[in-house]
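Numbering (the UniProt record's numbering), first residue to last: 1 to 297.
The structure appears right after this line, and notes come after that.
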């Protein structure tokens with residue numbers, strides 16, 4: 001079990017903005033793997049994430065077959081089934097580990113709706129983040145539908161099934177469906193990925209780590225109506241990548257739209273001494289590496 005800096009930043013951002021009583025990590029990892037990760041053997045970010053005081057690890061049984069008899073093979077599809085069941089059982093908000101809270105969601109929780117979901121690119125509801133009351137009707141109907149329609153395709157049981165259920169229940173207070181900018185601005189298309197992660201060349205004054213609010217470059221995206229940033233990134237483990245190259249230095253430099261969005265939390269972590277410019281994306285020190293602080297002197 002090995003978490004990257006971006007995964008830790010995602011979970012810590014929820015802790016930072018939302019102040020939850022509990023953050024549940026649902027996993028089928030065995031106790032030995034968890035113990036190694038907590039000890040730091042799997043890197044700094046795994047240890048920090050798994051020792052957060054609010055974090056509770058919930059061991060779950062991963063489904064192997066849908067109700068229709070179709071075998072569930074992909075780990076991502078197994079996760080789809082687990083996440084919906086978890087939100088139904090516990091209530092709360094689910095986020096993928098490439099989803100980054102940018103502000104409090106208290107106003108959404110207090111709107112009076114039993115569930116909240118957001119559109120994504122092309123109009124479907126995004127299954128990477130959603131919220132519901134415990135035992136909510138939308139979650140129940142989604143669970144029932146996803147296990148009937150599962151066919152091994154990427155979104156038949158997830159985004160498509162949620163969209164079908166959500167749009168049927170949109171009248172009244174069953175579900176609040178938000179505009180794409182609220183939960184999943186941008187997309188997985190290469191152009192949108194570049195707009196989000198491309199590092200622009202800026203002057204060295206950025207390295208002073210001053211708040212960015214008074215400085216807005218012409219390329220900067222306005223995140224003022226975004227609650228959660230689903231930051232689609234092609235460098236995923238399922239694509240054969242062990243690194244996504246999202247490091248503290250990349251974020252603290254504020255040279256990309258992604259970095260500017262998540263900078264406030266990263267700056268707080270830097271001020272507390274939790275992260276440094278020398279940290280790698282996996283939290284493993286590279287032999288002989290030169291730290292950013294050494295480069296500045």
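Just so you know, even glycine gets a beta-carbon here, dropped at the ideal spot from N, CA and C.
Asked, Found
"Rounded straight-line distance, which links the Cα of residue 134 to that of residue 174", "13 angstroms"
"Proximity winner among 107, 228, 281, relative to residue 183 (alpha-carbon distances)", "228"
"The alpha helix (DSSP H) enclosing residue 75, as first and last residue numbers", "75–90"
"Simplified DSSP state of residue 303, which is helix, strand or coil", "What is shown of the chain runs 1 to 297, which leaves residue 303 out entirely."
"According to DSSP, residues forming a beta bridge with residue 19", "Note: residue 19 sits in no beta bridge, so no partner."
"Residues that residue 100 bridges to, as DSSP identifies them", "229"
"Among 276, 108, 232, the one whose alpha carbon lies nearest that of residue 253", "276"
"6 angstroms CB neighbourhood of residue 150 in its chain, flanking five on each side removed", "66, 70, 157"
"Cα-Cα separation, residue 291 to residue 125", "Because the pLDDT at residue 291 is just 37, under 50, the model does not fix this residue reliably, and the value given afterwards should be weighed accordingly. For residue 291 and residue 125, the distance between alpha carbons rounds to 42 angstroms."
"Opening and closing residue of the beta strand (DSSP E) in which residue 129 lies", "129–132"
"Short Cβ contact (8 angstroms threshold) for residue 261 with residue 102", "yes"
"Touch test, the stretch 43–57 against the stretch 15–29, Cβ-Cβ under 8 angstroms, three pairs minimum", "yes"
"Distance between residue 130 and residue 334 (C-alpha atoms, nearest Å)", "The structure shown has nothing for residue 334, since the chain only spans 1 to 297."
"Alpha carbon of residue 189 to alpha carbon of residue 247, nearest angstrom", "22 angstroms"
"CA-to-CA distance, residue 98 to residue 68, given in whole angstroms", "30 angstroms"
"Exposure label - residue 111; buried when at least 16 CB within 10 Å", "exposed"
"Where residue 107 falls: helix, strand or coil (DSSP)", "helix"
"Residue 26 - DSSP class collapsed to helix/strand/coil", "strand"
"Residue 154 burial status per 10 Å Cβ neighbour count (16 or more: buried)", "exposed"
"CB of residue 245 within 8 angstroms of CB of residue 281, strictly", "yes"
"Span of the alpha helix (DSSP H) around residue 191", "190–197"
"First and last residue of the uninterrupted beta strand (DSSP E) at residue 118", "115–118"
"Residues near residue 48 in its chain [Cβ-Cβ closer than 6 angstroms; skip 5 each side]", "8"
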